[in-house]
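Going by my numbering, the sequence shown opens with residue 2, and the numbers climb by one from there.
Even glycine gets a Cβ: it sits at the ideal position worked out from N, Cα and C.
I have placed the structure first, in the form of structure tokens, so that the comments after it can refer back to it.
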Amino acid sequence: MNTLNALIGLFVVLACTGMFFFATTRGTLIVRDLTGGRHTPESHVYPIYSRMGLIKVVDFQPIISAILLFQYPRLVTKIVNGLKATNLKGKQVLITSCAFGNVMPRTIAASIGSGARKVVVADIIRNELQHARSKLDHQFGKKIDYVESDATSMKLKEGFADANIMFFLLHELPHDLKIKALQEAGRMLAKGGKLYLGEFHKPGSLFFQFLSWTYFKVFEPLGLALWDSHDPVALLQDMGGWSVERQTFFFGNFQIVTATKL
Numbered sequence: 002m003n004t005l006n007a008l009i010g011l012f013v014v015l016a017c018t019g020m021f022f023f024a025t026t027r028g029t030l031i032v033r034d035l036t037g038g039r040h041t042p043e044s045h046v047y048p049i050y051s052r053m054g055l056i057k058v059v060d061f062q063p064i065i066s067a068i069l070l071f072q073y074p075r076l077v078t079k080i081v082n083g084l085k086a087t088n089l090k091g092k093q094v095l096i097t098s099c100a101f102g103n104v105m106p107r108t109i110a111a112s113i114g115s116g117a118r119k120v121v122v123a124d125i126i127r128n129e130l131q132h133a134r135s136k137l138d139h140q141f142g143k144k145i146d147y148v149e150s151d152a153t154s155m156k157l158k159e160g161f162a163d164a165n166i167m168f169f170l171l172h173e174l175p176h177d178l179k180i181k182a183l184q185e186a187g188r189m190l191a192k193g194g195k196l197y198l199g200e201f202h203k204p205g206s207l208f209f210q211f212l213s214w215t216y217f218k219v220f221e222p223l224g225l226a227l228w229d230s231h232d233p234v235a236l237l238q239d240m241g242g243w244s245v246e247r248q249t250f251f252f253g254n255f256q257i258v259t260a261t262k263l
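Okay, structure coming up:
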């Protein structure tokens with residue numbers, strides 16, 4: 002009986018968690034579309050990434066690590082090692098879109114450790130920038146500038162950055178905006194600058210493909226295009242002017258793309 006109760010309790014917890022994430026992600030957009038809600042440049046952004054209360058609840062390292070099947074530290078470390086191996090003395094680094102967890106403090110620390118004089122954090126959502134500031138200011142202070150700007154149409158000066166970090170943004174964007182975001186990411190980089198892109202990837206095994214396909218269909222339907230039509234490596238290569246490397250993680254479920262602007 003105790004085992005049965007434990008299993009029932011686990012099922013209830015998982016069901017409630019799934020309902021919460023669906024309601025604060027895709028579910029909200031479905032309701033907005035059905036009710037004829039107003040469309041703005043940030044309409045595609047889920048409430049979980051735009052409402053301060055939800056941002057504070059979800060931005061908890063164990064939750065974020067679990068969503069990425071506990072591969073989060075490995076993915077961030079790959080980017081951090083790339084930044085540490087780069088001479089950024091006197092240069093600037095861009096973080097395109099805020100991300101939950103410790104990716105921002107870790108990549109900022111690595112950038113400054115490699116000599117960067119400034120890190121610019123850009124996001125279309127003001128609450129994300131305010132939340133990021135609350136996490137980062139005490140450690141980095143004036144080393145960071147916060148800019149309210151759309152990743153698909155940046156307000157910043159072309160070619161100002163020597164590294165650009167985009168961590169799990171593309172899968173959330175409508176397909177045409179995926180391409181625009183990559184174009185803007187390149188436009189912000191100086192020649193020889195590096196784009197570090199963390200994203201989901203098509204798993205190698207049929208078992209993981211089925212699990213991932215189910216997850217995307219329920220929560221992130223725009224992410225499935227990363228498997229084929231909007232594979233970021235293929236998109237960058239088609240644009241030209243890039244040297245691109247990719248490393249996959251955990252049976253191919255995740256990828257870190259390192260692209261150098263030629």
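{"Query": "Three CB pairs or more closer than 8 Å across the stretch 230 to 241 and the stretch 50 to 58", "Result": "no"}
{"Query": "Neighbour-count burial assignment, Pro-233, 16 or more Cβ in a 10 Å radius", "Result": "buried"}
{"Query": "CA nearest to the CA of Thr-26, picked from Ser-98, Pro-48 and Leu-130", "Result": "Pro-48"}
{"Query": "The stretch 82 to 91 touching the stretch 111 to 124, judged by at least three CB pairs closer than 8 Å", "Result": "yes"}
{"Query": "Contiguous beta strand (DSSP E) assignments of at least 3 residues, all confined to the stretch 141 to 173", "Result": "145 to 149 and 162 to 168"}
{"Query": "Three-state secondary structure assigned by DSSP to Arg-247", "Result": "strand"}
{"Query": "Nearest-angstrom Cα separation, counted from Leu-227 out to Val-32", "Result": "25 Å"}
{"Query": "Length of the line joining the Cα atoms of Ser-98 and Ser-206", "Result": "31 Å"}
{"Query": "One or two residues paired with Thr-261 in a DSSP bridge", "Result": "Lys-195 and Ser-244"}
{"Query": "Beta-carbon contacts of Leu-70 that lie in its chain and below 7 Å, excluding the five residues immediately before and after", "Result": "Phe-251 and Asn-254"}
{"Query": "Asp-124 - containing beta strand (DSSP E), residue span", "Result": "119 to 124"}
{"Query": "Check whether Asn-165 and Leu-95 have beta carbons under 8 Å apart", "Result": "yes"}
{"Query": "Gly-193 versus Leu-263 - alpha carbon distance", "Result": "6 Å"}
{"Query": "Integer Cβ distance of Arg-127 from Glu-149, believed to fall under 8 Å", "Result": "6 Å"}
{"Query": "Buried versus exposed, by CB contacts within 10 Å (16 or more), Gln-62", "Result": "exposed"}
{"Query": "Cβ distance (whole Å) where Phe-169 is taken to contact Glu-200 below 8 Å", "Result": "6 Å"}
{"Query": "Integer Cβ distance of Gly-102 from Ile-65, believed to fall under 8 Å", "Result": "4 Å"}
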